[in-house]
Every structure is written in structure tokens, then in C-alpha cells.
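Heads up: the sequence shown begins at 32 in the numbering used here, then just goes up one per residue. All C-beta atoms, glycine included, are put in the ideal place defined by N, C-alpha and C. Input: a single structure, listed below in C-alpha cells.
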Amino acid sequence: PHVAEPRERAAGGAGRGAVGGMGAALSYCTPQLSRAIGDAPRVEFAKSSASTDQAIIVRVESAPTEESSDAAAAVGFKPGDELVLRCMQASLGLDPLAARFRDGVRQRWPPGFRFQSGRRSWSVQVYGGSKGSPQTCVLQVPTLPEDRTIAKVSLDVADASDAATYASRFNLHHQKQAEGEQVPAIKVAVPGVCTVQESCFPAMVPVGTACTLIPFPHPEVQKFVFDGTEDFMETPQAFFHYAAFSSNGKNFVCDIQGAELENGDLLLIDPCIIRADKMNVDTVVRAAAAEVAGGGFSQALSGPSSERFDAMHPRCAQLCHTFDPHRKTAKRNVGMCGVGTCGLGR
Numbered sequence: 032p033h034v035a036e037p038r039e040r041a042a043g044g045a046g047r048g049a050v051g052g053m054g055a056a057l058s059y060c061t062p063q064l065s066r067a068i069g070d071a072p073r074v075e076f077a078k079s080s081a082s083t084d085q086a087i088i089v090r091v092e093s094a095p096t097e098e099s100s101d102a103a104a105a106v107g108f109k110p111g112d113e114l115v116l117r118c119m120q121a122s123l124g125l126d127p128l129a130a131r132f133r134d135g136v137r138q139r140w141p142p143g144f145r146f147q148s149g150r151r152s153w154s155v156q157v158y159g160g161s162k163g164s165p166q167t168c169v170l171q172v173p174t175l176p177e178d179r180t181i182a183k184v185s186l187d188v189a190d191a192s193d194a195a196t197y198a199s200r201f202n203l204h205h206q207k208q209a210e211g212e213q214v215p216a217i218k219v220a221v222p223g224v225c226t227v228q229e230s231c232f233p234a235m236v237p238v239g240t241a242c243t244l245i246p247f248p249h250p251e252v253q254k255f256v257f258d259g260t261e262d263f264m265e266t267p268q269a270f271f272h273y274a275a276f277s278s279n280g281k282n283f284v285c286d287i288q289g290a291e292l293e294n295g296d297l298l299l300i301d302p303c304i305i306r307a308d309k310m311n312v313d314t315v316v317r318a319a320a321a322e323v324a325g326g327g328f329s330q331a332l333s334g335p336s337s338e339r340f341d342a343m344h345p346r347c348a349q350l351c352h353t354f355d356p357h358r359k360t361a362k363r364n365v366g367m368c369g370v371g372t373c374g375l376g377r
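If you want it as C-alpha cells, here you go:
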């Protein structure tokens, strides 16, 4: 039997030209879209008889495979695949993904795209590639047009891939300590990088936009390790500590968020990594400005710090004592320039 190509499916079987003819559906899409633009992330794109024409077509530019790490949950697509994204919904359950970019919060994070540039997130049904059935993913698009580049969104992939590497080591250590008992594991949803080829929502997701597709089939995102105010959960807290420990205090896997699965495993989405960078003038000036504003000098520094470690990881889980019994990780990188003698970050 004939299997419709992505563009045919997006157009309700009318072929390539019909998707180009999404203009007929734009009379429906555009009013919905105009109400969604701005700071209204909770808009759900309504389904109607015209919903078959509401689609975004993307081409996969890069996509990691699950073989890259046994703790990586990959999208399962390959470069060159054309995918159709449907049933685009921005729900309350995805709101935690925007938390670190909100005013009053992002000032406490380092500079740079991963911490300061907001994204819009939607749950979408993805058709195409080698998958025989639609896959639920999260589509993320940078808010600012200048950030919608492959180079920028590839930074999201780098952080997720590195977090998966730490998760793989952590899972191995955790399993060894369990002496044969089944223990919760951590997996990281690693996104694929795509570019938009055609769009029913050109004002929000224009053609040419670089974006990410993240394999995350769950309706809600829960914060596990963010700013120390969230409920304490042993496995994600121990993972945060282990990643800092195994990097000798140079990398903090932060904004640990996602979903707890029925078997107790955790699937993480969009973790970010604070990396120890060399001190420069811009970093010092930014940190000094934050101190004047009452935000704390070391908290505004671009790299890890003992204060940041203690804030995110207020107390150790039982598992932490198996690899860092005296909680020395926070003190390993006390000199934020990496030397340990400059006095910054102490």
C-alpha cells in the first residue's frame, strides 16, 4: 500500500502543492496565532475541521542516536528526514521549562544563550522518519529571531548529551551500590536539531527557523533540582552531586527537570550545564553589578561556585555519601578562575 509522504499527510493527501496551499487554512490559523503571540504561553491551538491543514514541516539537520549513551533517549530520526508536526499545544504542564528565563530568576544564572534566551515550548505529534506511528515530542523555538540559528540551538543538544554522559556514569555507580537490586535510573531526552520548511504559523514559527525536537511524551514537567526550594528527591539530588563530583567541581548539571516514570526511572528534559570558564572582565563586571543589586557576587559568576552548589543541593542524599562522604565537591573549584587563589567565589 502507498504510504503518504510527510507533505502529503500534512495536506490531507492532496500532495506537495496542498501544503503550499496552507493559505486556505491560514484564515483559521492566523486569528488563533495572533492571540498566542506575546506572553500567553498557555494557549492551546484548537482542533477543528480545518486542523488537518495546521501543520509545520521540518527537516532534521542533526540527530543523536541512542548508541551515543545508554542514558540518552534520542528522537529516533536521522538527518535529512522530513517530519510533519501536528496537534501543537502549549499547556500548563510545560510551564516549568520557562522558569529559568523569567524576570527575577534569570539574573541569578550565568550569561549566554542557554541561560538568558527564552524559548517557547509546545507538545506536538510528529509524523515521518522511520517511525510507523506518531511520536509525541516537545518543540522548542527560541523567542528572539536572532537566536533561531542552528549554532545556537545546537548548544541545547550539547548540554543534553553531556548530561546523558554523566547520567550513564551515575546509573552505573548507583546500580553497583544496590548490589543486584533494581534502582531508579536517569535518562536524558536528547533533542534533534531541525529547520522549518513550511509553517501554518509563520508569525511565530517562520520558515527557516532552527528549532529542537525533544522526545518527551509526558504531559507535565516537574522540577527536581532548580533553586533549592523544590521538594527534595534523593535520586536527582544525588545525580546533581555526582555530576559535580565526577567533573572535579568544574561542571554543574542544573535545572534538572522532567518526569518520573512508573518504574521509578526519571526522564530529564532540557537540563543545562554550568561550566567553569576562565575569568574575564565582562564576567567580573557582571558579578560586581549583581552584588551591588543585592544578588550576591559569586552567584552571578559564570562558573560553578560553592554557594551555588549549597543552594541547589541543600543536603546530601544517602547515595551521596558513597562517592563524596565529606561533601568536598563544593570546595574543589573555590577560585572561580580555576586557580583557587584569587579569592573570587569563596
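task = Take the Cβ of Lys218 as the centre, count every other Cβ of all protein chains shown within 10 Å, and call the residue buried at 16 or more, exposed below.
result = Within the sequence shown, residue 218 is the residue found at index 187, counting from 1. Lys218 sits buried, since 16 or more C-beta atoms from the chains shown fall within 10 Å of its C-beta.
request  = Report yes if the C-beta distance between Leu125 and Val169 is below 8 Å; otherwise report no.
outcome  = In the sequence shown, the residue the question calls residue 125 occupies position 94. In the sequence shown, the residue the question calls residue 169 occupies position 138. Taking 8 Å as the Cβ cut-off, Leu125 and Val169 qualify as a contacting pair.
Start and end residues, alpha helix (DSSP H) containing Phe283 = Numbered from its first residue, the sequence shown carries residue 283 at position 252. Unbroken run through Phe283 is the beta strand (DSSP E), 282-285; no alpha helix (DSSP H).
query = Does the distance from the CB of Arg145 to the CB of Asp178 come in under 8 Å?
reply = Along the sequence shown, read from residue 1 onward, the residue named residue 145 stands at position 114. Along the sequence shown, read from residue 1 onward, the residue named residue 178 stands at position 147. With a cutoff of 8 Å on beta-carbon distance, Arg145 and Asp178 are scored as not near each other.
query = How is the beta strand (DSSP E) around Glu113 delimited, first residue to last?
reply = As a working mapping, residue 113 is identified with position 82 in the sequence shown. Where Glu113 is concerned, the enclosing beta strand (DSSP E) stretches over 113-120.
ask   = To the nearest angstrom, how far is it from the Cα of Arg358 to the Cα of Glu261?
value = As a position in the sequence shown, residue 358 is number 327, starting the count at 1. As a position in the sequence shown, residue 261 is number 230, starting the count at 1. Cα to Cα, the separation comes out at about 21 Å.
key: Per-residue DSSP class, three states only, for Cys231   = To locate residue 231, count along the sequence shown from 1; it is residue 200. Three-state result, Cys231: coil.
inquiry  = Which same chain residues end up closer than 8 Å to Phe271 when comparing Cβ atoms and leaving out the 5 residues on each side of it in sequence?
reply    = Position 240 of the sequence shown holds residue 271. Val256, Phe283, Val284, Cys285, Ile287, Met343, His344.
ask   = Under a three-way DSSP split, which group does Ala189 fall into?
value = What you label residue 189 is simply residue 158 of the sequence shown in a count that begins at 1. Reduced to three states, the DSSP call for Ala189 is helix.
query = With a CB to CB cut of under 8 Å and the five nearest residues on each side skipped, what residues in its chain are close to Gln253?
reply = Along the sequence shown, one-based indexing puts residue 253 at 222. Correct list, in chain order: Pro127, Gln288, Gly289, Ala290, Glu291.
query = Taking Cβ to Cβ, would you say Val89 is nearer than 8 Å to Thr243?
reply = For the purposes of this step, residue 89 is taken as the residue at position 58 of the sequence shown. For the purposes of this step, residue 243 is taken as the residue at position 212 of the sequence shown. It is not a contact, given that the beta carbons lie outside the stated cut-off.
ask   = Are the beta-carbon atoms of Leu114 and Gly163 separated by less than 8 Å?
value = Taking the first residue of the sequence shown as position 1, residue 114 is located at position 83. Taking the first residue of the sequence shown as position 1, residue 163 is located at position 132. Not closer than 8 Å, so no.
Beta-carbon spacing of Asp296, Ala348 below 8 Å = Sequence index remark: in the sequence shown, residue 296 carries index 265 (1-based). Sequence index remark: in the sequence shown, residue 348 carries index 317 (1-based). It is not a contact, given that the beta carbons lie outside the stated cut-off.
query = Going by the CB atoms, is the gap between Ala129 and Gly149 shorter than 8 Å?
reply = What you label residue 149 is simply residue 118 of the sequence shown in a count that begins at 1. What you label residue 129 is simply residue 98 of the sequence shown in a count that begins at 1. Against a cut-off of 8 Å, the Cβ pair of Ala129 and Gly149 comes out as a contact.
Val184 in three-state terms, based on DSSP = Translated into positions along the sequence shown, residue 184 becomes position 153. Helix at Val184.
query = What are the start and end residues of each continuous beta strand (DSSP E) run of 3 or more residues lying completely inside the stretch 258-310, in chain order?
reply = 282-285, 287-291, 297-300, 303-306
inquiry  = Assuming Ser337 is part of the alpha helix (DSSP H), what are its boundary residues?
reply    = The count along the sequence shown starts at 1 and reaches residue 337 at position 306. Taken as a continuous stretch (DSSP letters only), the alpha helix (DSSP H) holding Ser337 covers 337-343.
query = Just how far apart, CA to CA, sit Gly376 and Phe201?
reply = As a position in the sequence shown, residue 376 is number 345, starting the count at 1. As a position in the sequence shown, residue 201 is number 170, starting the count at 1. Any answer about Gly376 is weak, because its pLDDT of 39 lies below 50 and its placement is not dependable; what the coordinates show is given next. So the alpha carbons of these two residues sit roughly 27 Å apart.
ask   = Hey, how far is the Cα of Gln171 from the Cα of Phe263?
value = Position 140 of the sequence shown, counted from the first residue, corresponds to residue 171. Position 232 of the sequence shown, counted from the first residue, corresponds to residue 263. Roughly 28 Å separates the two Cα atoms.
ask   = Which value, in whole angstroms, describes the spacing of the CA atoms of Val221 and Pro95?
value = Here the question's residue 221 lines up with position 190 in the sequence shown. Here the question's residue 95 lines up with position 64 in the sequence shown. Approximately 7 Å, taken between the alpha carbons.
task = Run the CB neighbour count on Ala209, radius 10 Å, all protein chains shown included, and call it buried at 16 or more, exposed below.
result = Walking along the sequence shown from the start, residue 209 turns up at place 178. Classification of Ala209: exposed, given that the 10 Å Cβ count is below 16.
task = Taking Leu175 as the reference, give the member of Thr240, Val214, His205, Leu186 with the closest Cα.
result = Walking along the sequence shown from the start, residue 175 turns up at place 144. Of the candidates Thr240, Val214, His205, Leu186, the one whose C-alpha sits nearest the C-alpha of Leu175 is Thr240.
request  = State buried or exposed for Ala234, treating a residue as buried only when at least 16 other CB atoms are found within 10 Å of its CB.
outcome  = Residue 234 sits at position 203 when you count from the first residue of the sequence shown. Its Cβ having fewer than 16 others within 10 Å, Ala234 is exposed.
inquiry  = With H, G and I counted as helix, E and B as strand and the rest as coil, what does DSSP make of Thr353?
reply    = Counting from 1 along the sequence shown, the entry for residue 353 is found at position 322. Thr353 falls in the helix class under three-state DSSP.
query = Are there 16 or more other CB atoms within 10 angstroms of the CB of Ile300, so buried, or fewer, so exposed?
reply = Taking the first residue of the sequence shown as position 1, residue 300 is located at position 269. By the 10 Å Cβ count, Ile300 comes out buried.
request  = Please look up how many angstroms separate the CB atoms of Gln138 and Pro246, rounded, as I've assumed it's under 8 Å.
outcome  = Numbered from 1 along the sequence shown, position 107 holds the residue referred to as residue 138. Numbered from 1 along the sequence shown, position 215 holds the residue referred to as residue 246. Wrong, their Cβ atoms sit about 31 Å apart, outside the cutoff.
request  = Could you round the C-beta distance between Pro110 and Ser93 to whole angstroms and report it? I think they count as a contact, below 8 Å.
outcome  = The residue given as residue 110 occupies position 79 in the sequence shown. The residue given as residue 93 occupies position 62 in the sequence shown. Contact between Pro110 and Ser93 is confirmed by a C-beta separation of about 6 Å, below the 8 Å threshold.
query = In this structure, does DSSP put Lys359 in helix, strand or coil?
reply = By one-based count along the sequence shown, residue 359 stands at place 328. Coil.
query = Thinking C-alpha only, which one of Ala307, Asp187, Thr180, Ser192 is nearest Ala104?
reply = Translated into the one-based positions of the sequence shown, residue 104 becomes position 73. Per the Cα distances, Ser192.
inquiry  = Quick check on Ala182: buried or exposed, where buried means 16 or more other Cβ atoms within 10 Å of its Cβ?
reply    = Counting from 1 along the sequence shown, the entry for residue 182 is found at position 151. By the 10 Å Cβ count, Ala182 comes out exposed.
inquiry  = Looking at Phe108: is its Cβ nearer than 8 Å to the Cβ of Gly223?
reply    = Here residue 108 corresponds to residue number 77 of the sequence shown, with the count starting at 1. Here residue 223 corresponds to residue number 192 of the sequence shown, with the count starting at 1. The answer is yes: Cβ separation under 8 Å.
key: Contacting residues, own chain, Cβ-Cβ under 6 Å from Cys118 (five flanking each side not counted)   = Position 87 of the sequence shown, counted from the first residue, corresponds to residue 118. Only Gln156 meet the Cβ criterion.
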